[in-house]
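J.: Under the numbering used here, the first residue of the sequence shown is numbered 1, with each subsequent residue one higher. My structure is below; once you've seen it, I'll send some questions.
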Amino acid sequence: MTAVNTDSDEVRTIEAESSPTRFARGWHCLGLSETFRDGAPHAINAFGRKLVVFASGDGAVNVLDAYCRHMGGDLSQGTIKGDEVACPFHDWRWGGDGRCKRIPYSRRVPLRARTAAWPTLEQDGLLFVWNDPEKNPPIPEQAIPRIEGATSKDWTDWVWYSTDVYTNCREVIDNTVDMAHFFYVHYSFPTYFKNVLEGHIATQYQRGTGRDDARPQESDSGTPKVLGNTSVASYYGPSFMIDELTYHYEDRDVNSVLINCHYPVSPNHFVLQYGVIVERSDDGDTSAEDLAAKMIDFIKIGFEQDVAIWKNKSRIDNPLLCEEDGPVYQLRRWYEQFYTDVADITPEMTDRFEYELDTTRPNEAWHKEVEENLARKTATEQSA
Ligand code: FES
Ligand SMILES: [Fe+2]
1 MTAVNTDSDE
11 VRTIEAESSP
21 TRFARGWHCL
31 GLSETFRDGA
41 PHAINAFGRK
51 LVVFASGDGA
61 VNVLDAYCRH
71 MGGDLSQGTI
81 KGDEVACPFH
91 DWRWGGDGRC
101 KRIPYSRRVP
111 LRARTAAWPT
121 LEQDGLLFVW
131 NDPEKNPPIP
141 EQAIPRIEGA
151 TSKDWTDWVW
161 YSTDVYTNCR
171 EVIDNTVDMA
181 HFFYVHYSFP
191 TYFKNVLEGH
201 IATQYQRGTG
211 RDDARPQESD
221 SGTPKVLGNT
231 SVASYYGPSF
241 MIDELTYHYE
251 DRDVNSVLIN
261 CHYPVSPNHF
271 VLQYGVIVER
281 SDDGDTSAED
291 LAAKMIDFIK
301 IGFEQDVAIW
311 KNKSRIDNPL
321 LCEEDGPVYQ
331 LRRWYEQFYT
341 DVADITPEMT
351 DRFEYELDTT
361 RPNEAWHKEV
371 EENLARKTAT
381 EQSA
C-alpha cells in the first residue's frame with residue numbers, strides 16, 4: 001500500500017522573493033542634525049545612491065544627489081561656500097534647491113543645471129529626508145509628530161547610536177508584532193501585547209515584567225532593579241518609531257523616549273539608528289544622564305541580539321505562525337503601502353486593524369521556564 005499524501009504530510013517550504021529594489025516612501029531620519037552642522041558636507045549612502053548633506057549659510061540643512069551634474073564630481077568631498085555646496089572638481093556651486101547658482105569661471109549657468117534635491121525636515125534635534133520614488137512632495141498627514149521632551153530642560157539630550165545592518169529592513173519592521181522574540185531574544189517578559197495598525201501608523205502596546213533569570217541590564221553593579229516596563233511604540237511611516245517607554249524601578253518610574261529608526265542603503269543593507277532621552281527626576285541618586293547612558297547600552301545589547309538573528313536568518317514571505325504569534329501578515333500588508341504608488345494603495349493596507357494577543361499561555365510557559373532556570377542556577381551554585 002502506498003502512503004496517501006495528505007496536506008499535513010507535506011513539507012512546508014520557505015518562500016522568499018528577493019528584497020525589493022524600490023525604497024519606501026516616507027520620512028527617514030538621518031540622525032542628529034547637529035552632526036551635519038560642522039561646516040563640511042557629509043556623504044550619506046541611502047536609497048541606492050550617494051547623497052550629500054550640507055548646512056548652508058542660511059541655516060538650512062539640505063540633501064542633494066552627491067554627484068555633480070557637470071562631470072560627476074563628488075559634492076560630499078567639496079566645501080560649503082555661503083549658501084551653496086561647491087564641487088571639488090570645477091567649483092560649480094549648488095544650492096539646497098538643487099539648482100546650480102554660479103560657475104565662477106563662466107559667464108552663464110546652463111539652463112538645465114539642476115540636480116536632485118530631497119525634501120528635508122529638521123525637528124527636535126533630528127534630521128529627516130523624504131524619499132518618494134514617485135517624486136511627490138511630502139504628504140502633510142505623514143508629518144513626524146513632535147517629541148516634547150526633546151526640547152525640554154526637564155529631559156536629557158539625545159544619546160544616539162548608529163550601526164550598519166546587512167539585510168533587508170523588513171526584518172526590523174517585523175519586530176513590531178513579534179511578541180515571542182522579546183522573551184527568547186531580548187530576555188524580557190511581555191505580559192500584555194497589542195498592535196493597532198491604521199493609516200501610516202503602526203503601534204505596539206507592550207507591558208512587561210523583569211525576568212529574574214536573565215538581567216543583562218544589571219551587569220553593572222549599583223543599577224537599581226527594573227521591575228517592569230510599559231511601552232507604547234509607533235512607527236510613523238516606514239522607518240521612524242517613537243517609543244514612549246517607562247521603566248518601573250524598585251524605587252520610582254523613569255520616563256524615556258526611545259527612537260528606533262533606519263534608512264535603507266541598498267535592498268540588503270540599512271543603517272539602524274536609535275536614541276534615547278530620559279526625563280529628569282529629583283528623587284533617586286542616579287542622574288538622568290547616567291540613566292540615559294545606561295539605557296542606551298542596554299538598548300544596544302537588545303539591537304545586537306536582533307542583528308545576530310537577522311545576520312543568519314532567511315528572508316521569509318510565508319511565515320508559519322501559531323496562535324500566540326502576532327499579526328505578521330497584517331503588518332506586512334500595512335508596510336506594503338510604502339512600496340506602492342499612492343494611487344494603488346488598497347484599503348487593506350491602511351484600514352484600522354487591532355489585535356491584542358492572549359498572553360495567558362505564553363506567560364504560563366515562560367514563568368515555568370524562568371523558574372526552571374533559577375532552580376538550575378541555584379543547584380549549580382550549591383554544587384560549586
Ligand atoms: S564635476 Fe562638479 S564642477 Fe565639474
Ligand atoms: Fe527585537
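Using N, Cα and C, we set each Cβ at its ideal position, and we do this for glycine too.
Here's a check: name, in chain order, each residue in its chain whose Cβ is nearer than 7 Å to the Cβ of Val278, leaving out the five neighbours to either side.
T.: Closer than 7 Å at the Cβ level, and outside the excluded window around Val278, lie Trp155, Thr156, Val254, Ser256, Ala288, Leu291, Ala292 and Met295.
J.: Taking 8 Å as the threshold, find out whether the region 66-84 comes into contact with the region 22-35 through three or more Cβ pairs.
T.: no
J.: Would Leu331 be called buried (16 or more neighbouring beta carbons within 10 Å of its own) or exposed?
T.: buried
J.: Give me the DSSP bridge partner(s) of Pro264.
T.: Phe270
J.: Exposed or buried, Gly326, counting other C-beta atoms within 10 Å across all chains shown (16 or more means buried)?
T.: buried
J.: Pull up the DSSP beta-bridge partners for Trp155, would you.
T.: Glu279
J.: With distances taken Cα to Cα, identify the nearest neighbour of Arg78 among Cys87, Trp334, Ile259 and Gly72.
T.: It is worth fixing the name first, because residue 78 is Gly in this sequence and not Arg. With distances taken between Cα atoms, Gly78 lies closest to Cys87.
J.: Return the residue from the list Met349, Glu323 and Asp317 that minimises the CA-CA distance to Pro238.
T.: Nearest of Met349, Glu323 and Asp317 to Pro238, Cα basis: Met349.
J.: Report the start-end ranges of each beta strand (DSSP E) in the region 297-368 that is 3 residues or longer and not cut off at the edges.
T.: Counting only runs of 3 or more, we get 353-356.
J.: Can you round the beta-carbon distance between Pro41 and Leu75 to whole angstroms, since I take them to be within the 8 Å contact cut?
T.: Yes, they are in contact, since the Cβ atoms of Pro41 and Leu75 sit about 6 Å apart, within 8 Å.
J.: Run through DSSP, which three-state label would Ser162 get?
T.: strand
J.: By a C-beta neighbour count over all protein chains shown, 10 Å radius and 16 as the cutoff for buried, is Val52 buried or exposed?
T.: Burial of Val52 is indicated by the presence of at least 16 other C-beta atoms within 10 angstroms of its C-beta.
J.: Go ahead and label His367 buried or exposed: buried means 16 or more other beta carbons lie within 10 angstroms of its beta carbon, across all protein chains shown.
T.: Residue environment for His367: exposed (fewer than 16 other C-beta atoms within 10 angstroms of its C-beta).
J.: Which ranges does the beta strand (DSSP E) cover as unbroken runs of at least 3 residues, wholly within the region 51-115, from first to last along the chain?
T.: 61-65, 79-81, 84-86 and 100-102
J.: Report yes or no: do three or more beta-carbon pairs, one from the region 133-146 and one from the region 156-167, lie closer than 8 Å?
T.: no
J.: Report the residue from Ile301, Gly199, Asn229 and Asp306 whose alpha carbon sits nearest the alpha carbon of Ile386.
T.: With the chain running from 1 to 384 in the structure shown, residue 386 is simply not present.
J.: Is the beta carbon of Gly73 sitting closer than 8 Å to the one on Phe89?
T.: Taking 8 Å as the Cβ cut-off, Gly73 and Phe89 qualify as a contacting pair.
J.: Given 7 Å as the limit, tell me if Trp349 has its C-beta closer than that to any heavy atom belonging to ligand 1.
T.: Before going on, a small fix: residue 349 reads as Met here, not Trp. Result no, Cβ not under 7 Å from ligand 1.
J.: Buried or exposed: where does Ala375 fall if 16 or more other Cβ atoms within 10 Å of its Cβ makes it buried?
T.: exposed
J.: Counting along the chain, where does the beta strand (DSSP E) carrying Tyr187 start and finish?
T.: No beta strand (DSSP E) contains Tyr187, which DSSP labels as neither H nor E.
J.: DSSP three-state label for Ser219, please.
T.: Residue confidence for Ser219 is low, a pLDDT of 47 falling below 50, so the modelled location carries little weight; the figure read from the coordinates is stated next. If DSSP states are grouped into helix, strand and coil, Ser219 belongs with coil.
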